[in-house]
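21 is the number of the first residue of the sequence shown in the working numbering; add one for each residue after it.
The beta carbon of each residue, even a glycine, is placed where N, CA and C say it ideally should be.
Here's the structure we're looking at; comments come further down.
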Amino acid sequence: MKKLPLIHTPLPGPKARKLINQDQTYVSPSYTRYYPLVVEKAKGLWVHDVDGNIFLDFTAGIAVCATGHCHPRVIEAIKKQADLLLHMSGTDFYYRPQIVLAKKLAHMAPGKGAKKVYFGNSGAEAVEAAFKLARWHTKRELNLAFYGAFHGRTMGALSLTASKTIQKKHYNPLVPGITHIPYAYCYRCPYNLCYPECELGCVQWVEDTLFRTTIPPEEVATIFVEPIQGEGGYIVPPPEFHREMNKIAKKYGILYVVDEVQSGMGRTGKMFAMEHFGVDPDIIALAKGIASGMPLGALAARAEIMDWEAGSHASTFGGNPVSCMAALSTIELLEEGLMENAAVQGNLLMDGLVKLQQSHECMGDVRGKGLMMAVEFVKDRETKKPARTWRNDIIKLAFQKGLLLLGCGENSIRFCPSLTVNTAEIDKCLSIFDDVVREIAV
Ligand SMILES: Cc1ncc(COP(=O)(O)O)c(C=O)c1O
């Protein structure tokens with residue numbers, strides 16, 4: 021560990037360069053690659069590239085590898101299931117792993133009463149299903165979602181998304197009936213107010229202005245919301261934000277649909293981030309960390325809400341038996357201690373970043389919960405002018421020094437390592453990050 025990360029070629033190395041050339045010929049140019057990392061294998065938080073360089077991974081494959089890369093227990097569960105049954109389609113047939121996982125998730129999902137679970141293959145599919153289920157159940161056509169939200173890239177999920185215009189460019193018309201409203205991004209309040217003196221003006225605005233002028237609340241099916249905005253910049257709203265927003269939802273029979281695709285599965289130190297805010301979602305969408313890297317999306321809803329008929333929604337691969345067994349093994353590991361570790365290590369990471377903030381003027385805001393942590397970069401703290409180029413350069417130089425990071429929002433960097441991260445790895449990350457910020461932001 022002392023000698024790690026290990027970078028012994030220029031980056032990208034010769035083998036990586038060759039593969040990237042082929043990628044450029046054959047692979048869709050729509051993917052966004054921050055830096056030229058070509059991965060060969062990975063274990064825990066350590067990623068080996070094809071040239072034998074070893075990196076410390078604080079991305080977890082975009083917050084997916086909850087149990088670390090290739091956790092032996094998850095691999096064992098996958099191999100065991102692969103020997104028995106790869107696929108049969110839960111759409112048309114029954115099999116044990118899907119039923120057992122549905123039961124587990126139904127019991128885990130916050131809130132009283134019976135729940136039912138639908139399975140897809142990704143975050144977007146979970147969101148898409150939530151969107152359709154809400155429309156089916158309520159027979160209402162309108163929806164509210166938030167500026168800064170990212171819910172996925174399929175047409176329905178994309179319509180709910182309001183993160184970056186490039187994600188929507190040339191794809192209009194999208195699904196109608198969605199109104200985006202400001203999120204409680206207190207560091208840059210869209211209403212120029214200050215928390216707590218604002219008394220959550222952003223929530224009041226929904227009832228006092230939106231519902232009185234343009235949107236009849238009894239026609240609204242859902243409020244779609246991330247407990248903590250993910251791609252939007254790891255934005256943590258004030259403690260009472262969701263409670264107050266949910267109160268409005270309940271008053272008008274609107275479903276509070278919570279997208280925990282990025283924030284769920286123990287990442288914030290609780291199984292679901294909404295638990296920090298004391299709100300029981302009507303529908304909850306899950307993916308990413310749920311199966312440690314195997315493709316799986318899931319939707320849990322109160323049983324009376326999941327009242328759609330046979331044939332109204334399904335997916336051939338959704339709830340694949342191998343993915344379901346990977347998920348059950350992942351959940352076991354989370355419950356056995358990884359979720360707790362996320363809280364403990366998250367506090368250390370937060371303390372370390374706050375300390376660094378004292379010596380780096382450009383670190384405008386440090387925020388997050390557990391291992392969903394971000395730094396927002398600014399030119400100076402007075403004007404809060406976004407320092408996007410510094411942010412991008414910091415990510416690139418960190419890669420050159422063996423630390424894998426990802427951006428989020430316009431000018432933030434996220435830290436979302438696997439929940440297996442230990443204190444030495446947190447310290448290593450902080451030390452490299454400190455060096456990189458010192459070099460770039462001058
Ligand atoms: C909150 C949230 N919802 C939905 C999605 C879409 O998930 P996927 O890329 O698996 O379709 C993402 C992906 O980043 C996400 O962060």
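Provide the residue span of the beta strand (DSSP E) that contains F419, from first to last.
-> First-last for F419: 408-420, but that is the alpha helix (DSSP H), not the beta strand (DSSP E).
Are there any heavy atoms of ligand 1 lying less than 7 Å away from the beta-carbon of A346, as far as the coordinates show?
no
Unbroken beta strand (DSSP E) run spanning L105, endpoints: Where L105 is concerned, there is no enclosing beta strand (DSSP E), given that its DSSP letter is neither H nor E.
For A323 versus G133, is the C-beta spacing smaller than 8 Å? yes
Does the beta-carbon of F170, which I'm using as the reference point, lie nearer than 7 Å to any heavy atom of ligand 1? yes
Any heavy atom of ligand 1 closer than 7 Å to the CB of Q282? yes
* What is the DSSP secondary structure of I186, counted as helix, strand or coil? -> helix
- DSSP state of L76, grouped into three classes? strand
Shorter than 7 Å, the distance from the beta carbon of S343 to the closest heavy atom of ligand 1, or not? no
- In DSSP terms, what Q249 is bridged to: I255
Kindly provide the ranges of any beta strand (DSSP E) runs that are 3 or more residues long and lie completely inside the segment 416-462, ordered along the chain.
426-428, 432-435
Next on the checklist: Quick check: the Cα distance between V364 and G357, rounded to an integer number of angstroms?
Outcome noted: 11 Å
Can you tell me where the beta strand (DSSP E) holding Y276 begins and where it ends? 275-279
Q | Three-state secondary structure assigned by DSSP to K404 | A | coil
Practice prompt. State buried or exposed for S349, treating a residue as buried only when at least 16 other CB atoms are found within 10 Å of its CB.
Written response: buried
If Y55 and I415 are in contact, beta carbons under 8 Å, what's the gap, nearest whole angstrom? 7 Å
* Asked: Can you tell which of M291, A320, A321 has the C-alpha that lies nearest to the C-alpha of G309?
  -> M291
message: Can you look up E148 in the DSSP assignment and give me helix, strand or coil?
response: helix
* Taking the runs of the beta strand (DSSP E) that are 3 residues or longer, which of them lie wholly in the segment 115-161? -> 135-140
Can you tell me which of the three DSSP states H6 falls into? The structure shown does not extend to residue 6, since the chain is modelled only from 21 through 462, so no value can be given for it.
Mind checking whether L450 and L354 have CB atoms under 8 Å apart? no
message: Is A511 close to ligand 1? I mean its beta-carbon at under 7 Å from any heavy atom of the ligand.
response: With the chain running from 21 to 462 in the structure shown, residue 511 is simply not present.
Using 8 Å as the threshold, is the C-beta distance between V147 and G172 below it?
yes
Open item on the list: DSSP three-state label for F244, please.
Closed with: strand
With C-beta atoms as the reference, is A468 less than 8 Å away from F453? This structure cannot settle anything about residue 468, because the visible part of the chain is limited to 21 through 462.
Do A144 and ligand 1 come close, with the Cβ less than 7 Å from some heavy atom?
-> yes
Option in D400, P210, G221, G366 with minimal Cα separation from F78
G366
For A444, does the count of other Cβ atoms within 10 angstroms reach 16, so buried, or fall short, so exposed?
-> exposed
Cβ-based burial, T233 [other Cβ within 10 Å; buried from 16] = exposed
Query - Rounded separation between G286 and Q249 - CA only - result: 16 Å
Check: Nearest to I460 by CA position, among H380, I201, K448, is which residue?
Finding: H380
Minimum C-alpha distance to P258 - residue among V278, S179, A36, C222:
C222
Discussion item. For K267, report the span of its beta strand (DSSP E) as first-last.
Written reply: From DSSP, K267 is part of no beta strand (DSSP E) but of the alpha helix (DSSP H) over 261-271.
- request: Could you tell me whether the Cβ atoms of V70 and V58 are closer together than 8 Å?
  value: yes
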